[in-house]
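Student:
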Amino acid sequence: MAQAPKFLVTDEGTIDLSTYRWDDDQFSDLLIKANPINSDQAMDISRSLKEEIFKMEFETITIPLLEKLIDKKIQEYGLKKPSAIKIDRSFFKKEAFLLSENARIVLERRYLKKDVNGQVQETPEQMFRRVARHIAKAEEKYGHGDKIKELEERFYEIMTEFKFLPNSPTLMNAGQALGQLAACFVLPVEDSMDGIFDSLKSAALIHKSGGGTGFSFSRLRPKSARVGTTGGIASGPVSFMKIFNTATEQVKQGGTRRGANMAILRVDHPDIMEFIWSKKTNSELNNFNISVGVTDEFMRAVKEGRSYDLISPNGHVKVGELNAMEVYQALVQQAWENGDPGIIFLDRINQDNPTPMLGEIESTNPCGEQPLLPMEACNLGSINLAKFIKEKNGDPIIDYQGLKELIWLTVRYLDNVIDMSKYPIQEIDMMV
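Going by this note's numbering, the first residue of the sequence shown is number 1479, and it counts up by one from there.
(1) Sort K1701, Y1891, I1896 and D1494 by Cα distance to E1630 and report the nearest one.
(2) Quick one, are the C-beta atoms of L1921 and G1771 less than 8 Å apart?
(3) Starting from the C-beta of V1716, find all residues in its chain whose C-beta is less than 7 Å away, skip the five residues before and the five after it, and write them out in chain order.
(4) Under the DSSP definition of a beta bridge, which residues are partnered with M1740?
(5) Helix, strand or coil, according to DSSP, for K1758 in the structure here?
(6) Measuring only the C-alpha atoms, how far is V1797 from Y1786?
(7) Please state whether DSSP places E1869 in a helix, a strand or coil.
(8) Give the single residue among F1663, T1638, K1679 and H1612 whose Cα lies nearest to the Cα of Q1654.
(9) Put P1834 into one of helix, strand or coil per three-state DSSP.
(10) Using CA atoms only, rank isn't needed, just tell me which of E1603, N1765 and K1679 is closest to I1903.
(11) To the nearest angstrom, how far is it from the Cα of G1820 to the Cα of I1539?
(12) Let me confirm a value: N1862 is counted as buried when at least 16 other C-beta atoms fall within 10 Å, else exposed. Which label applies?
(13) For a minimum of 4 consecutive residues, which ranges assigned as the alpha helix (DSSP H) are wholly contained in the segment 1525 to 1581?
(14) Taking the straight line between their C-alpha atoms, what separation do you get for M1479 and F1536?
(15) Would you kindly work out how many angstroms separate the C-alpha atoms of V1810 and N1760, rounded to a whole number?
(16) Out of Y1806, S1517, D1830 and F1642, which one is the CA nearest neighbour of V1889?
(17) Take every Cβ of the segment 1867 to 1882, pair it with every Cβ of the segment 1835 to 1845, and state whether three or more of those distances are shorter than 8 Å.
(18) Taking only three categories from DSSP, how would you classify M1479?
(19) Among D1593, F1570 and S1670, whose alpha-carbon lies nearest the alpha-carbon of A1703?
(20) Quick check on G1657: does DSSP put it in helix, strand or coil?
(21) In whole angstroms, what is the alpha-carbon distance linking K1627 and L1576?
(22) Would you say M1908 and E1854 are within 8 Å of each other, going by their C-beta atoms?
(23) Are the segment 1657 to 1666 and the segment 1684 to 1704 touching, with three or more C-beta to C-beta distances below 8 Å?
(24) Please say whether T1488 and D1549 have beta carbons closer to each other than 8 Å?
(25) Buried or exposed: which applies to N1947, given that a residue is buried once 16 or more other Cβ atoms fall within 10 Å of its Cβ?
(26) Taking Cβ positions, are N1723 and M1740 nearer each other than 8 Å?
(27) Classify P1644 as helix, strand or coil using the three-state DSSP reduction.
(28) Between I1876 and chain D, is the shortest Cβ-Cβ distance under 8 Å, so that the two count as touching?
(29) Indicate the three-state DSSP secondary structure (helix, strand or coil) for Y1498 in the structure shown.
(30) May I ask you to report which of helix, strand or coil DSSP gives D1877?
(31) Apart from the five residues just before and just after L1887, which ones in its own chain have a Cβ nearer than 7 Å to its Cβ?
(32) Within its chain, find whatever has a CB closer than 6 Å to the CB of I1906; leave out the 5 residues flanking it on each side and keep chain order.
(33) Does the distance from the CB of T1726 to the CB of G1714 come in under 8 Å?
(34) Which partner residues does T1488 have in the DSSP bridge list?
(35) So is V1594 buried or exposed if we call it buried at 16+ other beta carbons inside 10 Å?
(36) Would you kindly work out how many angstroms separate the C-alpha atoms of F1485 and K1592, rounded to a whole number?
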């Protein structure tokens, strides 16, 4: 497999291409001056050229070789070579920190600030500065204005050293008009058309702002249950999950990535078997993770090899029973085949619910690691533990003191994110 060139030999000396990158802005500006093309076209040509450079099967490349490639690329597009172009090391910018070409492409597509035409308006360094400055401003709310500059620098440092990174919405939206910084939300789904589609609308707004959503569909009456207002019959939770899935497909998170959902159904819901098998082909619910909300009573029934009751959420009455071991085996089989469903231990989660007076925890965020009450949100951060492996007397050790200091700083960072975030729904703003 070909490797990207490592060095460029110029009249001014050799530069290490792992620490320098092709300057798209400079090259595209020269193309625009010499040809009747717009900035989008010029930038596309420059990026295409950059990809060609990194595909060259040489460890070391030279200016004449680079000029030959540029001439070929310009001819491919039927353009004139700008007379002002004299390729030298000035066409390569020194990196403030090291990024792979793949990482840079992802940043440009998803995270860096863009203008109304979709043109990138900042460098990765400027993105981290934008985020650090915005998050540090939360100190003003607590009378710590004198700490803002210091914390901005410390926040910038831990991000650019890749010791810590916040969740994607913070990188995308901090310091911008949208201002939605949280990654995860849980929304209630009530047993009415108004309630169902209010939640769907809220989910669309959250996905648009860059967040993901978790739902419990356990309150919805089961398939074939009577609907009093119309005299008809209900279609059940799984049918409405498909509607949520279709809506998610059309709304990219923050305009940059596909939406993510978690659906949870209690194990004692009458439609539990349909739910367990709902992702067997992964064709209709491909924007959902799903998990079965397991109770202590169900697990006792599994251990004792007996049946357990199915309870209709409409009236909370027993409407049937299932063999617990058969349900458990179906759950395990489908999880083995497809990765879904997962298991959420509802009773265990609610034993540690810190705010039981506000309600019962019914769902988690899309990834499943954060239980939340309806209308709650959370922001996430990641610590790179590899940065805290050091060497002592030839042996690797963990820098616990450095890790402790970083944890204290990142907790403050994430607390500030809560204060600085704008939330897409008023009820979420009040709950958070």
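Ideal Cβ placement from N, Cα and C applies to all residues, glycine included.
Tutor: This is what the structure gives:
(1) When each option's Cα is compared against that of E1630, the closest is Y1891.
(2) Here the chain comprises residues numbered 1479 to 1910, so residue 1921 is not present and cannot be evaluated.
(3) Here the set comprises D1749, E1752, F1753 and S1756.
(4) For M1740, which the question treats as bridged, DSSP gives the partners G1692 and N1767.
(5) It is coil, neither helix nor strand.
(6) Take the alpha-carbon of V1797 and the one of Y1786: they are about 11 Å apart.
(7) DSSP places E1869 in the strand class (E or B) of the three-state scheme.
(8) Of the listed residues, the one whose Cα sits closest to Q1654 is H1612.
(9) Here P1834 carries a helix assignment [DSSP, helix/strand/coil].
(10) If we check each option's Cα against that of I1903, K1679 comes out closest.
(11) Rounded to the nearest angstrom, the two C-alpha atoms are 52 Å apart.
(12) When all chains shown are included, N1862 counts as exposed.
(13) Segments of the alpha helix (DSSP H) lying fully in the segment 1525 to 1581: 1541 to 1554.
(14) Caution applies to M1479, whose pLDDT of 42 falls short of 50 and renders its modelled position unreliable; the value that the coordinates give is listed next. Just so you know, the alpha carbons of M1479 and F1536 end up roughly 12 Å apart.
(15) Looking at the two C-alpha atoms, the distance is approximately 16 Å.
(16) Distances from the alpha-carbon of V1889 to those of Y1806, S1517, D1830 and F1642 put F1642 closest.
(17) Because the criterion of three Cβ pairs below 8 Å is not met, the segment 1867 to 1882 and the segment 1835 to 1845 do not touch.
(18) Residue placement at M1479 is poorly supported in this model, since its pLDDT is 42, which falls under 50; the coordinates are not used for a value here.
(19) It is S1670 whose Cα lies nearest to the Cα of A1703.
(20) G1657: coil per DSSP, three-state reduction.
(21) One C-alpha to the other measures close to 25 Å.
(22) Not in contact: M1908 and E1854 (Cβ atoms no closer than 8 Å).
(23) Three or more beta-carbon pairs drawn from the segment 1657 to 1666 and the segment 1684 to 1704 are found closer than 8 Å, and the two stretches are therefore classed as touching.
(24) Between D1549 and T1488, the C-beta spacing is not below 8 Å.
(25) Here the chain has residues from 1479 to 1910 only, and residue 1947 is not among them.
(26) The answer is no: Cβ separation not under 8 Å.
(27) Collapsing the DSSP output to three states places P1644 in a strand.
(28) Note that chain D does not occur in the displayed structure, where there is just one protein chain.
(29) Strand at Y1498.
(30) In the structure shown, D1877 sits in coil (DSSP, three-state: anything other than H, G, I, E or B).
(31) Cβ within range, chain order: R1632 and I1636.
(32) M1853 and A1855.
(33) When the beta-carbon positions are compared, T1726 and G1714 stay at least 8 Å from each other.
(34) For T1488, which the question treats as bridged, DSSP gives the partners G1491.
(35) Per the 10 Å Cβ criterion, exposed.
(36) Roughly 31 Å between the two C-alpha positions.
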